[in-house]
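Down below is the structure, laid out as structure tokens.
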Amino acid sequence: MKIVWMTWKDMGHPQAGGAELVNEELAKRLILEGHQVKFLVGGWHNCKEEEERDGYQIVRLGSRYTVYLKAFFYFQRNLKDWPDLVIDECNTIPFFAKFYVSCKTVFMIQQLARQVWFYQLPFPFSLIGYFLEPFYLRLFRDQKTFTFAESTKQDLLELGFKEDLIRIISETFTINPVEKIEEIQKPDNPTILFFSALREMKRPDHVIKAFEHAKPRLKNLKLIVGGDGFGRYAARVKRMIANSPYSDDIQFLGSIRDEKLKCKIMQSAHYICCTSVREGWGIIVSEAGSQGTPAIVYDIHGLRDAVENGLAGIIVKKNSPESMAESIISAFQDHQQYGNIQFKAHKLACSVNISRTYDIFFNFLK
1014 MKIVWMTWKD MGHPQAGGAE LVNEELAKRL ILEGHQVKFL VGGWHNCKEE EERDGYQIVR
1074 LGSRYTVYLK AFFYFQRNLK DWPDLVIDEC NTIPFFAKFY VSCKTVFMIQ QLARQVWFYQ
1134 LPFPFSLIGY FLEPFYLRLF RDQKTFTFAE STKQDLLELG FKEDLIRIIS ETFTINPVEK
1194 IEEIQKPDNP TILFFSALRE MKRPDHVIKA FEHAKPRLKN LKLIVGGDGF GRYAARVKRM
1254 IANSPYSDDI QFLGSIRDEK LKCKIMQSAH YICCTSVREG WGIIVSEAGS QGTPAIVYDI
1314 HGLRDAVENG LAGIIVKKNS PESMAESIIS AFQDHQQYGN IQFKAHKLAC SVNISRTYDI
1374 FFNFLK
């Protein structure tokens, strides 16, 4: 089978994340079974225009915002009669491939953007995107559709998608889960972790504020911040850390690429805190859970799925730094609860299996 996969970025992109990891892990397995895969993705400054990795090809076209139009023209010029299947992946905006390709198409969506529009684009484009999204997504109601969480599936059903045409596939990660969580040595001081890109939609500033609210009642509380970013928002988060009255108890690590170090950092916290506006699936929650570190999360799509609606983690009562601070304080006061949540988080993380994901994915493609 010859597959063209249209998505907005690949694992080589400076802002690549969990979605790109899943895509390319699935592509690797398609290649191993004798299929051909070409990715059409957005590029960045000074990137390679074409690259082959693990047997699949990557063609980078334009930027985050121009890739959709450039993919249309590239496909018409170079790939019109080549593929048996096109995967149209929607990360905020779809490629609308069903309207210009002659072969079969499959729709893939991480999550509806909804509030994310107001974090990703300036006004009035954010408002336009927010109101247009339900209308253009309804154009894909007749498509076979992949998504990553029950929350997103319910959103799609409300838009008129057919339940028998939707498949949920799990996200994945490449780090190895610890075998025995009881052997992990947690620090003596209560420690929370933020581990993600310093992007506005991830809201690391909420975790810092929650830490500052909780600190007076948990005198020994520590915060570790892993991740980096670009632009004014990332600079503002770094200033918040530097100017915090508790800056001595905040450890800023910057970007972490080494997987062994990443695992060590996750193991060194009691909880990971996640405050995103919206997620397809909180893959960082699963990664941390695999290292014996449960999560305290905002009650949003993707994150509530990643903690099994509060069974394998803690969901705050209100999506605010103050409410998260209360959850942090309660979590450290209830020592008996910790072992139970830690066990369930680890068990759920270990069930995230790329082989099972691929089986569901490929059988649905067939």
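Just add 1013 to the spot in the sequence shown (first one is 1) and you have my numbering.
Beta carbons: idealized from backbone N, C-alpha and C, even for Gly.
Check: On the DSSP letters alone, give me the boundaries of the alpha helix (DSSP H) that I1354 sits inside.; Outcome: H1348 to C1363
Check: Assuming I1016 and P1096 make a contact with CB atoms under 8 Å, what is their CB distance in whole Å?; Outcome: 6 Å
Check: Are the CB atoms of F1186 and V1050 nearer to each other than 8 Å?; Outcome: no
Check: Are three or more beta carbon pairs between the segment 1040 to 1047 and the segment 1108 to 1122 nearer than 8 Å?; Outcome: no
Check: Report back the beta-carbon spacing between I1197 and G1305 to the nearest angstrom; my notes put them in contact at under 8 Å.; Outcome: 4 Å
Check: Looking at the secondary structure, which residues open and close the beta strand (DSSP E) in which V1072 lies?; Outcome: Y1069 to R1073
Check: Alpha carbons only, please: which of F1265, L1045, A1358 and N1332 is nearest the one belonging to S1368?; Outcome: L1045
Check: Have a look at S1281 and K1357 and give me their C-alpha separation to the nearest angstrom.; Outcome: 18 Å
Check: Closer than 8 Å is the cut-off here; do at least three beta carbon pairs connect the segment 1148 to 1166 with the segment 1117 to 1127?; Outcome: yes
Check: Give me, in chain order, the residues of the same chain whose beta-carbon lies closer than 7 Å to that of K1166; leave out the 5 immediate sequence neighbours on both sides.; Outcome: T1160, I1179 and I1181
Check: Would you say R1317 and I1328 are within 8 Å of each other, going by their C-beta atoms?; Outcome: yes
Check: Along the beta strand (DSSP E) that carries C1103, what are the first and last residues, could you check?; Outcome: L1098 to C1103
Check: In chain order, what are the residue ranges of uninterrupted beta strand (DSSP E) at least 3 long that sit wholly in the segment 1210 to 1259?; Outcome: 1235 to 1239
Check: By DSSP's criteria, Q1049 is part of a beta bridge. Which residues make up the other side?; Outcome: K1015
Check: For the beta strand (DSSP E) that G1267 lies in, which residues bound it at each end?; Outcome: I1263 to G1267
Check: Measure the alpha-carbon distance for G1239 versus E1062 and round it to whole angstroms.; Outcome: 30 Å
Check: Rounded to whole angstroms, what is the Cα-Cα separation between R1154 and P1258?; Outcome: 51 Å
Check: Within a Cβ cutoff of 8 Å, which residues of the same chain sit near C1116, ignoring the five residues on either side of it in sequence?; Outcome: P1096, D1097, L1098 and V1099
Check: In whole angstroms, give me the CA-to-CA distance for H1058 and D1271.; Outcome: 24 Å
Check: So what's F1153 in DSSP terms, helix, strand or just coil?; Outcome: helix
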